[in-house]
Every structure is written in structure tokens, then in C-alpha cells.
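Colleague:
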Amino acid sequence: MAKVYKDLREFLTTLEEQGQLVRIKDEVNPEPDIGAAGRAASSMPNGPAVLFENIKGYKGSVVTNVHGSWQNHALMMGMDKDTPTKEQFEELNARWDKYPVPPNVVSREEAPCKENVITEDINLFEVLPLYRINEQDGGFFISKASVISGDPEALDDFGRQNVGTYRIQVKDKDRIGIQALPMHDIAVQLAKAERKNEPLPVAIALGNSPLVTFMASTPVGYSQNEYEFVGALQDGVATDIVPADTAPHLLVPAGAEVVLEGYIIPRVRVCEGPFGEFPGSYSGSRLQCEIQITRITHRTDPIFENLYLGMPWTEIDYLMALNTSVPLYKQLKEGFPEVKAVNAMYTHGIGTIVSIKPRYGGHAKGAAMRLLSTPHGMPYAKIVIMVDDFVDPFNLEQVMWALTTRVLPHKDVTMIENAAGMPLDPSSYPAGMTTKLIIDATTPVAPEPNPRPVELLKDPVGTAKYTEIIKGLIQAAEEE
Amino acid sequence: MKCPRCDSEQTRTMVKSPVGDVWEVYVCEVCWYSWRSTETPVVLEKFKLTPEKITELGVIPPIPPLD
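Heads up: the protein sequence lines correspond to chains X and C, in order. Mapping the first sequence onto our numbering, position 34 (from 1) lands on 41, and the numbers just tick up by one. Mapping the second sequence onto our numbering, position 1 (from 1) lands on 693, and the numbers just tick up by one.
(1) Are X:Gln-168 and X:Lys-88 close, meaning C-beta to C-beta below 8 Å?
(2) Using a Cβ-Cβ distance cut-off of 8 Å, determine whether X:Tyr-229 contacts chain C.
(3) List, in chain order, every chain C residue whose beta-carbon is nearer than 7 Å to that of X:Glu-133.
(4) Nearest to X:Phe-173 by alpha carbon, out of X:Ile-423, X:Lys-180, X:Asp-158, X:Met-190?
(5) Any Cβ of chain C within less than 8 Å of the Cβ of X:Arg-293?
(6) Using only alpha-carbon positions, find the residue among X:Gly-85, X:Pro-382, X:Lys-347, X:Ala-448 that is nearest to X:Asp-242.
(7) Indicate, with yes or no, if the ligand MN has a heavy atom lying under 7 Å from the CB of X:Phe-96.
(8) Alpha carbons only, please: which of X:Gly-214, X:Pro-319, X:Thr-253, X:Ser-362 is nearest the one belonging to X:Pro-119?
(9) Which residue's Cα is closest to the Cα of X:Glu-133: X:Ile-140, X:Asn-141, X:Val-124?
(10) Name the chain X residues whose beta carbon is nearer than 8 Å to that of C:Glu-731?
(11) Could you tell me which residues DSSP puts in a beta bridge with X:Gly-358?
(12) Let me make sure I understand the geometry here. Which of X:Asn-130, X:Gln-95, X:Met-222 has the alpha-carbon closest to that of X:Val-154?
(13) For the region 198-218 of chain X, which residues have a CB atom closer than 7 Å to at least one CB atom of chain C, in sequence order?
(14) Would you kindly work out how many angstroms separate the C-alpha atoms of X:Lys-337 and X:Gly-439, rounded to a whole number?
(15) Report yes or no: is there a C-beta of chain X within less than 8 Å of the C-beta of C:Cys-695?
(16) Does the Cβ of X:Pro-255 have 16 or more other Cβ atoms within 10 Å, making it buried, or fewer, making it exposed?
(17) Is it true that the CB of C:Ser-726 sits closer than 8 Å to the CB of X:Phe-147?
(18) Would you list the residues sitting across from X:Phe-3 in a DSSP beta bridge?
(19) Give me whichever residues DSSP pairs with X:Tyr-12 in a beta bridge.
(20) Against chain C, with Cβ distances strictly below 8 Å, would X:Asp-308 count as a contact?
(21) Check X:Val-406 in the structure and name its three-state DSSP category.
(22) Starting from C:Ser-726, find everything on chain X with Cβ-Cβ shorter than 8 Å and list it in chain order.
Listed below in C-alpha cells is the structure:
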């Protein structure tokens, strides 16, 4: 049974034991120090989480880069920290099949997130050491929250309850802006509430166990509940949740550091942004929704967990790497069992590589078109590269080999114009419209002609043996 | 106090530092830009706003018709 963390604190303890968390005890300024540390840590090989214990003018602590390296990602799953990325992908795939694992609903008294309650004179700055992440951000952003909302037409339908990550700008002591893009689940729920001019209750959980945060940023089906996936990814161990106080139909992680409760103000849009976004550029100002906070519950001495995002790769790229790849793989595999692996790690799947053993001519291209019509692939996937089953899509040297030796551009490159795109992709124009690109880098299969079939090179006999001999010689030289 | 982004004078102190009297956070009630007294905001020209520009910004998500 893999190691499972009940909450963020347990995970931070493990990260520290494994040398994957550092503490900064000296006093720091909120700007630019915390953002700069998040940038620095995520750029380092084996980047650790960074815990700031003393922030000028604030009471509490901030932790950043918690998911910001493959080592931390492996530890999140209870695996050895040096587990290769492809093995982490395969382990996630195996655990995914345990869905659904119903969560455990605990009583209010059992839930650490209810230790303290604030209902009057709400001031987010008293609870959270808020800071500007990037210089041109329009304010202080909460970048790693799990936002819980329900379907107004089916409040008791647990499956349709959504746990998602959306960017949040602090607008006032008790009011925040939220970005709900039309393709996101929360926008579906909001539209139903706004048609009746009703507020949409929300609960915002900050500082969660690492797989809750992971699932909140995973694209799953509208009627699939994220907590049931957390139990699956925790290798069958149910996650603890508790009803929110102001909207008991919303279930929040029992171990959350902080829970903000409130509602989206209906039919109101207010200036929000800019915000440095995951494609590595600022998204400009827009008129977006606002949330009125009416209640805060929090653990004693809460830790504010937030992430840095900027020019890839940063923490958000690690967080959204395999949790984008696995659902796309699962959705594709349903109709195309020949698919071996999906690497959708590039800019949240805008760039995706699929390995497949095509059965007939055009089969790989057909699979690419299926990918482009999955719920996430429709707006996000823009450049799809199809490679043979023996190419590891997580090994970019191998992918480049496939592109350089398998592709005859006039027949293997396909463009589909006027298609759905990701508005934050600055090349989409107008924002949200794009051209899809499919590159079929698989070896032609009949009836597609393959007029110049080749014999692929194989490793000489003895290569494995010599790998060990050479390693041994290097080791011996180092020990001298 | 003028907003560094839209030059509006409709600004106010949003909060003071919870510990000590070491900073304040200000907010503009026209464009909702906020900044801390310890910062020296330099808003790039492309991100500057005016009341007219604000009314022309994209609406996300669109507001649906009432039932």
C-alpha cells in the first residue's frame, strides 16, 4: 500500500524528511521574495518546496513549489522520489482504474479545517500572507485553490459537484475575483444560477492533501466527482471531507488549512487581471466574476500554500503534467486500444504526443482527431504528434527522431482551421479560436503505401553488459 | 493618491499589515488594481486602463439571458 497523506502538513513532513523541503526562517518581504523563490525552486533539478516562516507584516507562513519537481510528484504518490516520469504515468494509470472510491464524510468536530471560525470583519490578509506573484499582475492572486461548487439544478448530486482550480484575485478584504472560462465546469453551474439571477454558493479550500490539489486541476467528466478519484489515486484509501457551514451541500477537504465560504455574485462582472499565466505570458484584463466571502474556517496557525507560474517549466507545469496526460490517455484508449501512452505535459496539453500501434492506414490520424474532440482536448490540444508504439512519448529525443525520419510533410501534416482553442494561448485568434495541427510520425501501414521500408537499427549484442561495465568503471574512478 | 494603472483618484487603503505598522495595501475602485506601500508599481503601457477601455474589456464568462 502506497503512503497516503491526510493533509498538507503530513506531506510537508515527508518532503522535509526526504530533503525536498527547505525552510526560510529569516524575515522576507512579500514581494518579490516569495514569487522569486517559487521561480528559483521550480527551475532547479529536484526542486524542493520552500516554506517561508517569517513574512514581514504577516502572522502566518507560506509554502510554495510543493508539487514543483518530479521528486515531489513521486512522493505525492507515495513512490520512491527517484521514480522516472513514465513509471509515475503508468502507476497513475493503474490507480485511476480504482475509481470510484467514495470519500469518507466526517463530522464537524473531526475536521481540522473547522478549528477556527471567522464570520465578522472578514479580512483575508489576517489569515493568508497574500503577495503579488509576478510584477505585472493586477493584484495579489491565489493560484492553487480548490474551488468547490454544485449544480444548481441538482444540489444533492455528488457526482456533479465540482472541485476545480481557478485563478483568484483578491479585490478587497472579503471579496475576490474568479476566472470561470466557458469551457470549465464551474461556468456550466454559474450559467444555470445566473439564468435565475441567483448567487452560486462556493467553498474555496486552500492547503490540501497533495492529491486533492492534483485532482482539482485534473480535467475529468462533468458528472465525475474529483474526491472519488482522490481515493482511487490514494491507492483505494478514501479521502476525508466535511460539509461546508454555509452551504452544506458542498463538501470540503476536512484537513484543509483554510476554507473560504461565500457565493458568486450573480450577473456581475468586474475588471480582473492581468495575471502571469501558464503559457508563459500575461493574460490581459477582462471583466470577470466576483465572490463575496461570508465565512472563513481555518486550522490553527494555517499554512498558505500557493504556486508560482511563469515561463514554463514552473510548479504548475509539474502539477498539470500527468494529470492532463492520464485522463486523455484513458479517454483515447476507450476507442483506440492500440494507444500505448499519452504525453500531454506541454502547456496543459496544448502540445500532446501520443504513441500508438496503428492497425491500418489513417488509423493514427483518426486517433488524433478523437483526441481533439475529448472534453479537454477540444479547447486545449493544438499540436498533436502521433508516434509509433516503440517510441516513448516522454523521451523527446525519441520523438524528434520520429519527426525527422517518419514524416513526409505533404501527406503527414494536417491542419484543421477555425477550431476551438485555449483563450490564454496568445496565438489563438480571436482568443479561443485556433488551427489544429496533426503530425502523423508513425510508420505507414497498409493500405497507405510505404515505398521505402527500412530495417531499423538494433542495439548490438552486449550493449546491456557494457552499460554495466562502463558504469562500474565510472564508479570505481569516483571512489579512488 | 493616484492609481498607478488608470490614474483615477478613487483609491483607498484596503488593509494595514496585520503585524506591526509596516505596510498598507491600496486599491483602486475604478480598475481594482491593488498594490502594497512597500512596492513601486510600474504598470506597463499595454496594461494601462481608462474607464472607456474597461467598458470594452471581454466578458468572461458571458452573462446568459434571464429565464
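Cβ coordinates follow ideal geometry from the N, Cα and C atoms, glycine included.
Modeller: In short, the structure shows the following:
(1) As a first step, residue 168 of chain X must be located in the first sequence, where it is residue number 161. As a first step, residue 88 of chain X must be located in the first sequence, where it is residue number 81. Cβ distance not < 8 Å, so X:Gln-168 and X:Lys-88 don't count as in contact.
(2) Locating residue 229 of chain X in the first sequence gives position 222, where the first residue counts as 1. No - not a single Cβ of chain C is within 8 Å of the one on X:Tyr-229.
(3) Residue numbering aside, residue 133 of chain X sits at position 126 when the first sequence is read from its first letter. Result: Pro-710.
(4) Translated into positions along the first sequence, residue 173 of chain X becomes position 166. Sequence check: residue 173 of chain X is Tyr here, not Phe. Nearest of X:Ile-423, X:Lys-180, X:Asp-158, X:Met-190 to X:Tyr-173, Cα basis: X:Met-190.
(5) To locate residue 293 of chain X, count along the first sequence from 1; it is residue 286. True, the Cβ-Cβ gap to chain C drops below 8 Å.
(6) Stepping through the first sequence from its first residue, residue 242 of chain X is reached at position 235. For X:Asp-242, the nearest C-alpha among the options comes from X:Gly-85.
(7) Absence of the ligand MN from the depicted structure is noted, as is the absence of any ligand whatsoever, leaving it without description.
(8) Sequence index remark: in the first sequence, residue 119 of chain X carries index 112 (1-based). A check of alpha carbon separations from X:Pro-119 across X:Gly-214, X:Pro-319, X:Thr-253, X:Ser-362 identifies X:Gly-214 as the nearest.
(9) Along the first sequence, one-based indexing puts residue 133 of chain X at 126. It is X:Val-124.
(10) Translated into positions along the second sequence, residue 731 of chain C becomes position 39. By Cβ distance, chain X contributes Glu-38, Arg-139.
(11) The sequence position of residue 358 of chain X within the first sequence is 351, counting from 1. Answer by DSSP bridge pairing, in chain order: X:Tyr-353, X:Ile-390.
(12) Along the first sequence, one-based indexing puts residue 154 of chain X at 147. Among X:Asn-130, X:Gln-95, X:Met-222, the Cα nearest to that of X:Val-154 is on X:Met-222.
(13) Within the region 198-218 of chain X, the qualifying residues are Ala-198, Glu-201, Arg-202, Lys-203, Asn-204.
(14) Along the first sequence, one-based indexing puts residue 337 of chain X at 330. Along the first sequence, one-based indexing puts residue 439 of chain X at 432. Straight-line Cα distance between these residues: approximately 25 Å.
(15) Numbered from 1 along the second sequence, position 3 holds the residue referred to as residue 695 of chain C. Not an interface residue.
(16) In the first sequence, counting from the first residue as 1, residue 255 of chain X sits at position 248. So X:Pro-255 ends up on the exposed side.
(17) Counting from one through the first sequence, the residue named residue 147 of chain X turns up at place 140. Counting from one through the second sequence, the residue named residue 726 of chain C turns up at place 34. Yes. Within cutoff.
(18) The structure shown has nothing for residue 3 of chain X, since chain X only spans 8 to 487.
(19) Within the first sequence, numbered from 1, the residue matching residue 12 of chain X stands at position 5. Note: X:Tyr-12 sits in no beta bridge, so no partner.
(20) As a working note, residue 308 of chain X is residue 301 in the first sequence. Not an interface residue.
(21) The residue given as residue 406 of chain X occupies position 399 in the first sequence. X:Val-406 falls in the helix class under three-state DSSP.
(22) Within the second sequence, residue 726 of chain C is the residue found at index 34, counting from 1. Neighbours of C:Ser-726 on chain X, chain order: Gly-145, Gly-146, Phe-147, Val-177, Lys-178.
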